[in-house]
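In the numbering used here, the protein residues as written are 1275 to 1468.
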């Protein structure tokens, strides 16, 4: 008895299905991967991030998105939904639907126990292939910490981090400051195990 191979979707088939779906899915190499729901801390951080970026970018010619804007890495074929995106250039989209961004300069992911290793590893590996990407941020949701990876001229990535509610992280590419006290406003952290 032979096992039938699982049929693979094309990018076009994925987009047709995804645009009609109530649930979001990432896509890679012909497969769709359902995204889980977000915690209350994740939602609060996303809301605070949007408010912070909005207040600093309103009068500038930058475009920011949170949560529902899909990003396509044309080089690797990965489609994702970052928690935050900023583009300093004219946004470039995959097609006339204007729901799949191709040129983010800043990508932001809020870490969770279930996604942290993927966000730090394989996903970041894919994001690094985006020629437009200049900064990649990882925001912890169980303690106040933001890590910023910035692309250097030699295509290496440099880590800078801010920890504690009094810390401030500067994002040179978009000339914004993220005050951790604002990003983590109303977030309840789990008790620390001793």
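The beta carbon of each residue, even a glycine, is placed where N, CA and C say it ideally should be.
Helix, strand or coil at residue 1299 according to DSSP, with G and I counted as helix | In the chain shown, counting from the first residue as 1, residue 1299 sits at position 25. It is a strand residue.
- Message: Do residue 1383 and residue 1356 count as a contact pair if the criterion is CB distance below 8 Å?
- Response: One-based indexing of the chain shown puts residue 1356 at position 82. One-based indexing of the chain shown puts residue 1383 at position 109. In this structure, residue 1383 lies closer than 8 Å to residue 1356 by Cβ.
Requested in this report: Just the C-alpha distance for residue 1436 and residue 1416, rounded to the nearest angstrom, thanks.
Outcome: Within the chain shown, the letter at position 162 stands for residue 1436. Within the chain shown, the letter at position 142 stands for residue 1416. Taken atom to atom, the span from the alpha-carbon of residue 1436 to that of residue 1416 is near 14 Å.
Q. What residue does the alpha helix (DSSP H) around residue 1443 start on, and which one ends it?
A. What you label residue 1443 is simply residue 169 of the chain shown in a count that begins at 1. Annotation: residue 1443 is outside any alpha helix (DSSP H); the continuous beta strand (DSSP E) that includes it extends over 1442-1445.
*asked:* Given this structure, state the Cα-to-Cα distance separating residue 1346 from residue 1441, to the nearest angstrom.
replied: To locate residue 1346, count along the chain shown from 1; it is residue 72. To locate residue 1441, count along the chain shown from 1; it is residue 167. Inter-residue distance for residue 1346 and residue 1441 is about 32 Å (C-alpha atoms, whole angstroms).
Could you tell me the distance, in whole angstroms, from the CA atom of residue 1431 to the CA atom of residue 1446?
-> Position 157 of the chain shown, counting from 1, holds the residue named residue 1431. Position 172 of the chain shown, counting from 1, holds the residue named residue 1446. In this structure, the straight-line span from the alpha carbon of residue 1431 to that of residue 1446 is close to 14 Å.
**Q.** Where residue 1422 falls, given that 16 or more other Cβ within 10 Å makes a residue buried
**A.** Position 148 of the chain shown, counted from the start, is the residue given in the question as residue 1422. Buried, since its Cβ has 16 or more Cβ neighbours within 10 Å.
Burial state of residue 1322, where buried means 16 or more other Cβ atoms lie within 10 Å:
Translated into positions along the chain shown, residue 1322 becomes position 48. Buried, since its Cβ has 16 or more Cβ neighbours within 10 Å.
Considering Cα atoms alone, identify which of 1420, 1370 and 1373 is closest to residue 1394.
On the chain shown, residue 1394 is found 120 positions in, with the first residue counted as 1. Looking only at 1420, 1370 and 1373, the smallest Cα-Cα distance to residue 1394 is reached by 1420.
Margin query: For residue 1404 and residue 1451, I'd like the C-alpha separation in whole angstroms.
Written below: For this step, residue 1404 is matched to residue 130 along the chain shown. For this step, residue 1451 is matched to residue 177 along the chain shown. Take the alpha-carbon of residue 1404 and the one of residue 1451: they are about 24 Å apart.
- Query: Taking residue 1398 as the reference, which of 1387, 1309, 1410 and 1454 has the closest Cα?
  - Reply: The sequence position of residue 1398 within the chain shown is 124, counting from 1. Nearest option by C-alpha distance: 1410.
Buried or exposed by the 16-neighbour rule on C-beta atoms within 10 Å, applied to residue 1338
In the chain shown, the residue the question calls residue 1338 occupies position 64. By the neighbour-count rule (16 or more Cβ atoms within 10 Å), residue 1338 is buried.
Are the CB atoms of residue 1379 and residue 1406 within a distance shorter than 8 Å?
Against the chain shown, residue 1406 aligns to sequence position 132. Against the chain shown, residue 1379 aligns to sequence position 105. Yes, Cβ-Cβ distance for residue 1406 and residue 1379 is below 8 Å.
field: Sequence ranges, beta strand (DSSP E) only - wholly within the stretch 1299-1359, length at least 3
entry: Counting whole runs of 3 or more residues, the stretch 1299-1359 contains the beta strand (DSSP E) stretches 1299-1302, 1305-1308, 1337-1340 and 1344-1346.
Worksheet entry | Those runs of the beta strand (DSSP E) which lie wholly inside the stretch 1401-1461 and span at least 3 residues | Counting whole runs of 3 or more residues, the stretch 1401-1461 contains the beta strand (DSSP E) stretches 1409-1413, 1419-1425, 1431-1437, 1442-1445 and 1450-1453.
* What's the gap between the Cα of residue 1320 and the Cα of residue 1358? -> Here residue 1320 corresponds to residue number 46 of the chain shown, with the count starting at 1. Here residue 1358 corresponds to residue number 84 of the chain shown, with the count starting at 1. A direct Cα-Cα distance of roughly 8 Å separates residue 1320 from residue 1358.
Problem - As assigned by DSSP and simplified to three states, the class of residue 1463 - result: The residue you call residue 1463 lines up with position 189 of the chain shown. Looking at residue 1463 - three-state DSSP - the assignment turns out to be coil, as it is neither helix nor strand.
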